[in-house]
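**Q** Quick note on this note's numbering: the sequence shown kicks off at 94 and runs consecutively.
Cβ coordinates follow ideal geometry from the N, Cα and C atoms, glycine included.
If you scroll down you'll find the structure; I have some questions about it.
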Amino acid sequence: MSAASGAYFGLNRWTATEALARMATGEVRARDLVSACLSRIAERDMDVQAWLALNPQAIAEAERLDALPVEQRGRLHGLPIAVKDVFDTVQLPTTHNSPLFENFRPAGDAAVVDLLRAEGAIVLGKTDTTEFAAAGRDARTGNPHDLSRTSGGSSAGSAAAVADCHVPLALATQTGGSTIRPGSFCGVYAFKPSFGRVSREGVKIYAQSFDTVGWYGRSVADIALLADVLGLGETLEEKDLSGRLRFVITRGPYHDRLAPESVEALDKSEARLALAGHAVSRLELPAEFVALDAHHRVILHREGQAAFRNLARRHGTALHDDFHHRVENRDGSTLAELARAYDAMALARIAFDAMAGQFDLVIAPSAPGFAPAGRRPGDPVFNASWTLLGVPCLNVPVPLAMPTLPIGVTLIGRRFADQHLLDAAALVDPVLNPK
């Protein structure tokens with residue numbers, strides 16, 4: 094039976110965990126799931142434009158996996174996954190959405206891609222991104238909820254592909270807000286783990302201090318599934334989650350930039366958690382946190398200067414001027430400012446960990462508001478500081494009083510408390526995002 098008809102109609106809408114469970118029982122095959130996803134892409138991607146390339150061998154790979162004995166199947170057996178086009182993939186071009194890399198074919202897969210494929214995942218294709226996940230050319234991807242609006246940047250295609258039910262899971266990256274903000278705009282779960290916990294081998298470098306592999310799913314369980322495969326199951330410390338959890342909500346030091354919908358999402362999160370019996374308080378971050386966004390930008394552009402220097406020398410004006418901006422240090426930052434930014438980052442990490450350790454989770458805005466019109470990535474001001482701090486972040490969609498465009502809040506833990514964050518999120522997700 095065709096995956097796009099009859100009993101299998103709509104299986105592309107299943108979560109990753111549901112799809113794996115049904116494949117494990119033999120109810121459906123990997124071929125059915127992949128076919129349904131490809132049918133959805135054929136139906137929608139002329140409008141959404143999430144994809145830069147599709148894997149022509151996806152059906153054949155699914156059939157090969159279907160033929161494997163159960164004892165040889167990996168934890169992601171037959172699961173189609175989208176890969177942002179800054180990850181090296183040996184099967185498909187890795188273009189970075191740059192005209193300079195239109196036909197570039199890496200010699201091997203990025204470490205994360207290799208691990209997912211070893212667990213039986215099928216790379217369905219490469220998704221659109223802001224050029225080099227940094228600046229320059231914007232992704233063409235529209236927001237599935239309103240095609241006149243952006244799906245965010247730089248992980249635009251990956252967020253839209255999950256939101257529009259092209260795939261159940263997708264790889265992303267975050268250097269400022271490139272995983273969490275598109276998750277909010279598109280209404281999907283988005284995870285940025287603690288800095289350094291997932292290998293970046295084979296992923297385009299922008300800023301060595303910030304670049305982090307992230308991912309999208311349609312449930313907390315989907316996010317946790319990939320976290321476990323990528324080795325994040327170790328706990329920082331044992332915490333009892335059987336009773337009343339402690340949350341603190343902060344609007345951050347840039348709250349004057351929040352649109353009413355983001356304020357409402359925070360207010361509703363507070364009210365829903367309190368009604369469910371959890372302890373919720375409000376917190377203003379220390380005054381020194383106001384400068385973190387500026388420190389992030391100094392480090393970002395200076396490390397970007399090193400990352401793009403060779404391309405500027407090799408390609409000249411064929412490289413987008415945004416990258417020459419970094420290489421030439423047009424911001425005019427000094428090395429003394431760079432040193433101060435690194436020092437401030439180190440001290441702020443210590444201070445935030447001490448503060449966050451008093452609570453189960455911190456809750457903050459995921460974006461200034463709804464996805465803006467056009468294709469620009471959106472303002473990272475509500476994400477960049479958390480990226481600088483290196484802490485794990487999870488976007489959870491929060492439905493408002495009336496049907497609206499998607500909006501989310503960010504659940505945040507102290508550094509390396511990724512497993513605790515995901516465990517606590519699984520408990521309170523039905524409260525924050527009642528279906």
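Pick helix, strand or coil for Ala97, following the three-state DSSP scheme.
**A** Caution is warranted here: a pLDDT of 38 is assigned to Ala97, below 50, making its placement in the model unreliable, and no coordinate value can be reported.
**Q** Could you name each continuous alpha helix (DSSP H) segment of 4 residues or more that falls completely within the segment 427–473, going from the start of the chain to the end?
**A** Whole alpha helix (DSSP H) segments, 4+ residues: 428–449.
**Q** Leaving out five residues on either side along the sequence, give the residues of the same chain with a beta carbon under 7 Å from the beta carbon of His408.
**A** Counting only Cβ-Cβ distances below 7 Å, and skipping sequence neighbours, we find Leu193.
**Q** If distances are taken between C-alpha atoms only, which option among Gly483, Phe445, Arg468, His170 comes closest to Gly289?
**A** That would be Gly483, whose Cα lies nearest to the Cα of Gly289.
**Q** Nearest-angstrom Cα distance between Val121 and Ala203?
**A** For Val121 and Ala203, the distance between alpha carbons rounds to 30 Å.
**Q** Please report the distance separating the alpha-carbon of His259 from that of Ala380.
**A** Taking the straight line joining both Cα atoms gives about 43 Å.
**Q** Below 9 Å between beta carbons: does that hold for Ala81 and Asp453?
**A** The shown model of the chain, from 94 to 528, leaves out residue 81, and the question about it has no answer.
**Q** Quick one: residues in its chain with C-beta nearer than 7 Å to the C-beta of Arg106, no 5 flanking neighbours on either side, listed in chain order?
**A** Taken in chain order, the residues that qualify are Cys258.
**Q** Tell whether a beta-carbon distance below 9 Å holds between Phe509 and Ser312.
**A** Taking 9 Å as the Cβ cut-off, Phe509 and Ser312 do not qualify as a contacting pair.
**Q** Below 9 Å between beta carbons: does that hold for Ala109 and His170?
**A** It is not a contact, given that the beta carbons lie outside the stated cut-off.
**Q** Could you pull out every residue in the same chain whose Cβ sits closer than 7 Å to the Cβ of Val383, ignoring the five residues on either side in sequence?
**A** Once the five neighbours on either side are set aside, the close Cβ partners of Val383 are Pro346.
**Q** Let me check understanding here. Comparing Cα to Cα, which of Gly506, Ala466, Pro458 lies closest to Val491?
**A** The shortest C-alpha separation from Val491 is found at Pro458.
**Q** If you follow the alpha helix (DSSP H) that Arg553 is in, where does it begin and where does it stop?
**A** In the structure as shown, the chain begins at 94 and stops at 528. Residue 553 is therefore absent and cannot be evaluated.
**Q** How would you label Glu396, buried or exposed, when you count the other beta carbons within 10 angstroms and need 16 or more for buried?
**A** The residue is buried, with at least 16 neighbouring Cβ atoms inside 10 Å.
**Q** Three or more beta-carbon pairs under 8 Å between the segment 260–280 and the segment 303–319, yes or no?
**A** Yes, the segment 260–280 is in contact with the segment 303–319.
**Q** Name, in chain order, the residues that DSSP records as bridge partners for Val373.
**A** Its beta-bridge partners are Phe340.
**Q** Select from Ala437, Ala400, Ala434, Thr410 the residue whose C-alpha is nearest the C-alpha of Arg419.
**A** Selected option, being the one with the closest Cα: Ala400.
**Q** In three-state DSSP terms, what is Asn526?
**A** It is coil, neither helix nor strand.
**Q** When you compare the segment 212–227 with the segment 241–251, are there three or more beta-carbon pairs, one atom per stretch, that lie closer than 8 Å?
**A** Yes, since at least three Cβ pairs between the segment 212–227 and the segment 241–251 fall closer than 8 Å, the two stretches touch.
**Q** Are at least three pairs of beta-carbons, each pair with one atom in the segment 291–303 and one in the segment 179–186, less than 8 Å apart?
**A** Segments in contact, yes.
**Q** Tell me, which residues are paired with Leu194 by DSSP?
**A** According to the sequence displayed, residue 194 carries Phe and not Leu. Looking at the DSSP assignment, Phe194 forms no beta bridge with any residue, so it has no partner.
**Q** Less than 9 Å separating the beta-carbons of Ile342 and Ser362?
**A** Result yes, Cβ atoms of Ile342 and Ser362 sit closer than 9 Å.
**Q** Would you check if the segment 144–152 and the segment 264–279 touch, i.e. whether three or more CB-CB distances between them fall below 8 Å?
**A** No, the segment 264–279 is not in contact with the segment 144–152.
**Q** Is it the case that the segment 460–474 contacts the segment 232–247, given that we only count it when at least three CB pairs across the two stretches are under 8 Å?
**A** Enough Cβ pairs lie closer than 8 Å, so yes.
**Q** Given that a residue counts as buried once 16 or more other Cβ atoms are within 10 Å of its Cβ, and exposed if not, what is Ile443?
**A** Exposed: under 16 other Cβ atoms inside 10 Å.
**Q** Thinking just about the alpha-carbon of each residue, which of Glu195, Leu217, Arg168, Asn236 is nearest to the one in Leu208?
**A** It is Arg168 whose Cα lies nearest to the Cα of Leu208.
**Q** From this set, Asn526, Asp125, Pro199, Gly324, which residue's C-alpha is nearest Ala155's C-alpha?
**A** Nearest option by C-alpha distance: Asp125.
**Q** In the DSSP output, what is Thr503 paired with across the bridge?
**A** BP columns for Thr503 point to Ala457, Asn488.
**Q** So the candidates are Gln512, Leu504, Asp511; which of them puts its Cα closest to the Cα of Asn526?
**A** The shortest C-alpha separation from Asn526 is found at Leu504.
**Q** Check the DSSP bridge columns for Thr108 and list the partner residues they point to.
**A** Paired residue(s): none; Thr108 is not in a bridge.
**Q** Can you look up Asp239 in the DSSP assignment and give me helix, strand or coil?
**A** The answer is strand: DSSP assigns Asp239 an E or B state.
**Q** Alpha carbon to alpha carbon, how far is Ile134 from Ala256? Give it in angstroms, no decimals.
**A** Each residue's alpha carbon lies about 12 Å from the other.
**Q** Can you tell which of Leu172, Asn196, Ser241, Asn190 has its C-alpha closest to the C-alpha of Val141?
**A** The residue with the shortest Cα to Cα distance from Val141 is Ser241.
**Q** Determine the contact status of Val455 and Phe340, defining contact as a CB-CB distance below 9 Å.
**A** In contact: Val455 and Phe340 (Cβ atoms closer than 9 Å).
**Q** Could you tell me which whole alpha helix (DSSP H) segments of length 4 or greater appear in the segment 134–169?
**A** Qualifying alpha helix (DSSP H) stretches, in chain order: 151–159.
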